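A short worksheet on the structure shown next.
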Amino acid sequence: MGIGSDMYRQQIMDHYKNPRNHGRLESPTFTHTGENPSCGDTITMDVQLADDGETIERVAFAGDGCAISQASASMLTQRLPGTTLSELDAMDTDDITEMLGVDISPMRIKCAVLARQVAQDGAKIHDGEIEIEQTKTEDGDD
């Protein structure tokens with residue numbers, strides 16, 4: 008691990024200790040909650056769409072969990088505004104690990120992708136594509 012890895016680890020710890028967009032939106036277009044039972048992480052994502060109904064305008068999150076899950080949620084709330092629901096749907100695990108900037112062990116991948124999965128499922132519920140009460144990363148997602 009080089010200096011670059013240390014920088015990303017510091018960035019993860021900064022987002023964990025000083026999360027961006029942590030809290031709740033007053034009038035979100037949709038809200039969804041998910042958990043990673045294997046680690047105890049829980050995240051609720053509030054998403055507000057622009058008037059076009061497709062572009063993400065604002066995102067906030069609330070929850071508790073490990074540094075990876077909380078930093079990933081914080082970073083994702085900064086990345087999503089300006090993207091479309093289609094772009095959100097296309098995000099995969101590689102996008103999240105690239106955003107985090109460090110190699111994530113197989114045991115921690117579910118922590119890293121929880122916020123993305125919660126936002127994706129929330130959008131699908133909003134669009135009427137799925138009906139679930141809560142996302143669980145144990146359900147075999149990618």
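In the working numbering, the protein residues as written are 8 to 149. Cβ atoms here follow ideal geometry from the backbone N, Cα and C, with glycine treated the same way. Please read these numbers as outputs of a predicted model, since none were measured by experiment.
Original post:
Do the stretch 104-124 and the stretch 29-37 make contact, defined as three or more Cβ pairs closer than 8 Å?
Top reply: no
Subject >> Span separating the alpha-carbon of aspartate 59 from that of methionine 98 >> reply: By 1-based counting over the sequence shown, the position of residue 59 is 52. By 1-based counting over the sequence shown, the position of residue 98 is 91. It is roughly 21 Å from the alpha-carbon of aspartate 59 to the alpha-carbon of methionine 98.
**OP:** For lysine 117, count neighbouring C-beta atoms within 10 Å of its own C-beta (all shown protein chains included) and say buried if the count is 16 or more, exposed if not.
**Re:** Mapped onto the sequence shown, residue 117 falls at position 110. Answer is buried; the Cβ neighbour count reaches 16.
Original post:
Going by DSSP, what residues sit across from alanine 67 in a beta bridge?
Top reply: Within the sequence shown, numbered from 1, the residue matching residue 67 stands at position 60. Beta-bridge pairing links alanine 67 to Asp53.
Subject >> Minimum C-alpha distance to glutamate 94 - residue among Ile137, Lys143 and Gln127 >> reply: For this step, residue 94 is matched to residue 87 along the sequence shown. Of Ile137, Lys143 and Gln127, the residue nearest in Cα terms is Gln127.
Subject >> 8 Å Cβ cutoff met for proline 88 and valine 66 >> reply: In the sequence shown, the residue the question calls residue 88 occupies position 81. In the sequence shown, the residue the question calls residue 66 occupies position 59. The answer is yes: Cβ separation under 8 Å.
**OP:** Entirely within the stretch 52-129 and at least 3 residues each: give me those beta strand (DSSP E) ranges in chain order.
**Re:** The qualifying runs are 63-71.
**OP:** Taking only the alpha-carbon atoms, compute the straight-line gap between glycine 158 and threonine 142 and give it to the nearest angstrom.
**Re:** Residue 158 is absent from the structure shown; the chain starts at 8 and stops at 149.
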